[in-house]
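A.B. asks:
Number of protein chains: 2
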Amino acid sequence: MTTRAVRSRDDVVRTAGKLFAERGYHGTSMRDLAAELGLLGSSLYSHISSKEDLLVEVVEKGAHLFQSSADAALATSGTAAKRLKALVAGHVDVVLDHLDEVRTFLNEAGVLDEVHRSRVLAARDRYEASYREVLSEMKVADPKLAAIFLLSILNALERWYRPTGSLQRQDLVDEILGFALNGIRR
Amino acid sequence: MTTRAVRSRDDVVRTAGKLFAERGYHGTSMRDLAAELGLLGSSLYSHISSKEDLLVEVVEKGAHLFQSSADAALATSGTAAKRLKALVAGHVDVVLDHLDEVRTFLNEAGVLDEVHRSRVLAARDRYEASYREVLSEMKVADPKLAAIFLLSILNALERWYRPTGSLQRQDLVDEILGFALNGIRR
DNA sequence: CCTACCGATCGGTAGG
DNA sequence: CCTACCGATCGGTAGG
C-alpha cells in the first residue's frame, strides 16, 4: 500500500520558494509544486488560497529577513566602519541561509500586483537607506552611489557563490569589504 | 477600413526581446507578443518557427553584443588600465543601448534547453575571462574575484540606472571605474 | 496576415 | 488529501 503524503502549510510555502527561485513564478505550475511535495494540484488549496498569495508570502519573507538583518547591524555599537561590516556580514548570511526566499525576493517581485510590488520596493529602499546612512557617517563622497555599488555586489552573490567552493563565508565577507573600501588596489 | 499591420521578422524579434525583458519568457504569451505588434497570435508563425527559437535569438544577440564589445576593448593599445576603462565603457554602452536584449540575456538564459544554456554560459565565461586577463595584467591580487565584483556592478545597472536621471553615461563609467580601482575612499 | 481550429495545460472549485 | 471537474489560456497548425 502507498502512504498519503501529509504536508504542513510551511512545507508548501518553503517548497514554493524553492521552485519560484529555480524556475520563476510563471515557470512554476501549481501541479509542479504539488508534485514536488508528493501531492496532487488540488490538494494545495487546503493549505493556501492562491498561487499569488504564495508568491506574496515568499517575497515578504525575503524582505523581512533583510530588514531584520539591517536593524541588528545598525544597532551595533562602535564606529560606522564596524556597522558597515555588520551590514555586509548580515547580508551574506541572509543570502546564503535563505537562498530560495532571497532569489524569489530579488527576481520575482516584479510579478506582484501593484500594491504588493510597491510595498516591496519601499522595503528595498528602506534597506538601501541603511547602507546610505552608514556610508554617510563614513564621509564617503557619494553614499547613494556607493550603496548601490556595494548592494550590487551583495545581491549578485545569489548568481555565482557556491558554499561548496574554496571561498569560505567569512573570507567572502572580508573580500567584499576590502573591495568596497579600497577597490582592487590592495 | 482598418489597415493590416505588416511586420518584419526583425520587428518580431525586437518586440519579443522587449516583452521577455519586461515580463520574462514564461510571463509572455505568443498572443501578448502578437498584440504588441498589432497582429493575431497565429500570424507570428510566418516569421518565426517557435517561441523557444525567439528566446534563443534574443539571448544570443545579447551574448554577441557583449563579446564584440570586449574584443574591441582588448584591442585597445596602451596600458592595462586603459583597456579596463574600455571594457567598462563598452559594457555600459551595451547595457544602455540594448537594454532589452541584455535583460533577457542576463535573466532568462536559464529557461533555455541544456544545449543553448551551456553555450550561453560558455559565452559568459569567455567574457568574464577578458576582465580577468586585464585585471591580471594590472597585478590585482585576486583577478577572478575582482572580475566577479566589477561585473556584478556592471550587470546590476539594468536594475536601477535610468538615462533620464542626473547621472550621465560618462560619469557613470567614471564612478564605476573609481569605485573598482579605489573603493569608497576617494 | 487571418480564420478556424487542435490537444495540452493552466489556476482553481465542489464535495467527500 | 483525492476524485472529478471547470472555463480560460497556452503554443502551434492547416489552409487560404
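One line per chain: the protein sequences are A and B, in this order. In this text, residue positions in the first sequence follow this note's numbering: the first is -3, and each later residue adds one. In this text, residue positions in the second sequence follow this note's numbering: the first is -3, and each later residue adds one. In this text, a Cβ means the ideal position worked out from N, Cα and C, and glycines have one as well.
Less than 8 Å between CB atoms is the rule here; does A/Lys87 satisfy it with respect to chain B?
C.D. replies: The sequence shown places His at residue 87 of chain A, rather than the Lys named in the question. False, the Cβ-Cβ gap to chain B never drops below 8 Å.
A.B. asks: With 16 other CB atoms within 10 Å as the buried threshold, where does B/Tyr41 fall?
C.D. replies: Answer is exposed; the Cβ neighbour count stays below 16.
A.B. asks: Which runs of the alpha helix (DSSP H), 4 residues or longer, sit entirely within the segment 54 to 113 of chain A?
C.D. replies: Entirely contained in the segment 54 to 113 of chain A, the alpha helix (DSSP H) runs reaching 4 residues are, in chain order, 76 to 93 and 95 to 103.
A.B. asks: Is A/Leu177 close to chain B, meaning its C-beta is less than 8 Å from at least one C-beta of that chain?
C.D. replies: Interface residue, yes.
A.B. asks: Output, in chain order, the set of chain B residues within a Cβ distance shorter than 9 Å of A/Val116.
C.D. replies: The premise fails here: A/Val116 is roughly 13 Å from chain B at the closest Cβ pair, so nothing lies under 9 Å.
A.B. asks: I want to see whether chain B comes within less than 8 Å of A/Leu29, judged by CB atoms only; does it?
C.D. replies: For A/Leu29, the answer is no, since every Cβ of chain B falls outside 8 Å of its Cβ.
A.B. asks: When you compare the CB positions of A/Ala59 and A/Val116, do they come within less than 8 Å of one another, or not?
C.D. replies: Closer than 8 Å, so yes.
A.B. asks: How many Å lie between A/Leu83 and A/Leu50 at the Cα?
C.D. replies: Between A/Leu83 and A/Leu50, the C-alpha separation is close to 28 Å.
A.B. asks: Is there a Cβ of chain A sitting closer than 8 Å to that of B/Glu110, yes or no?
C.D. replies: For B/Glu110, the answer is no, since every Cβ of chain A falls outside 8 Å of its Cβ.
A.B. asks: Using a Cβ-Cβ distance cut-off of 8 Å, determine whether A/Ala152 contacts chain B.
C.D. replies: Taking Cβ atoms only, chain B reaches closer than 8 Å to A/Ala152, which makes this a yes.
A.B. asks: Using the rule of at least 16 other Cβ atoms within 10 Å of the residue's Cβ for burial, across every protein chain shown, is B/Gly74 buried or exposed?
C.D. replies: Answer is exposed; the Cβ neighbour count stays below 16.
A.B. asks: List, from N- to C-terminal side, the alpha helix (DSSP H) runs of 4 residues or more that fit wholly inside the segment 14 to 47 of chain B.
C.D. replies: List check, alpha helix (DSSP H) in window: 26 to 33.
A.B. asks: Please classify A/Ser126: is it buried, with 16 or more other beta-carbons within 10 angstroms of its beta-carbon, or exposed?
C.D. replies: Under this definition A/Ser126 is a buried residue.
A.B. asks: Of all the residues that make up the segment 129 to 146 of chain A, which are near chain B by a beta-carbon distance shorter than 9 Å?
C.D. replies: Against chain B - using a Cβ distance shorter than 9 Å - the residues of the segment 129 to 146 of chain A are Leu131, Met134, Val136, Ala137, Asp138, Pro139, Leu141, Ala142, Ile144, Phe145 and Leu146.
A.B. asks: Quick check on the burial criterion: 16 or more other C-beta atoms within 10 angstroms. Buried or exposed for A/Glu18?
C.D. replies: Classification for A/Glu18: exposed.
A.B. asks: Interface residues of chain B around A/Arg181 at Cβ under 7 Å?
C.D. replies: Under the 7 Å cutoff, chain B gives Leu177 and Asn178.
A.B. asks: What residues in its chain sit with their C-beta under 7 Å from that of B/Val98, if we drop five residues either side in the sequence?
C.D. replies: Cβ within range, chain order: Gly58, Val90, Val91 and Glu154.
A.B. asks: By DSSP, does A/Gln166 sit in helix, in strand, or in coil?
C.D. replies: Reduced to three states, the DSSP call for A/Gln166 is helix.
A.B. asks: In chain A, which residues lie less than 8 Å from B/Ile44 when you measure between Cβ atoms?
C.D. replies: Result: empty, since nearest Cβ-Cβ is about 20 Å, beyond 8 Å.
A.B. asks: Using 10 angstroms around the beta-carbon of A/Leu36, count the other beta-carbons present and answer buried if the total reaches 16, otherwise exposed.
C.D. replies: Exposed, since its Cβ has fewer than 16 Cβ neighbours within 10 Å.
A.B. asks: Please name the residues in the segment 73 to 84 of chain B whose beta-carbon is closer than 7 Å to at least one beta-carbon of chain A, in chain order.
C.D. replies: Answer in chain order: no residues at all.
A.B. asks: Comparing C-alpha positions only, which one of A/Ile44, A/Ser46, A/Pro139 and A/Ser38 sits nearest to A/Ala76?
C.D. replies: Ranking the options by Cα distance to A/Ala76, first place goes to A/Pro139.
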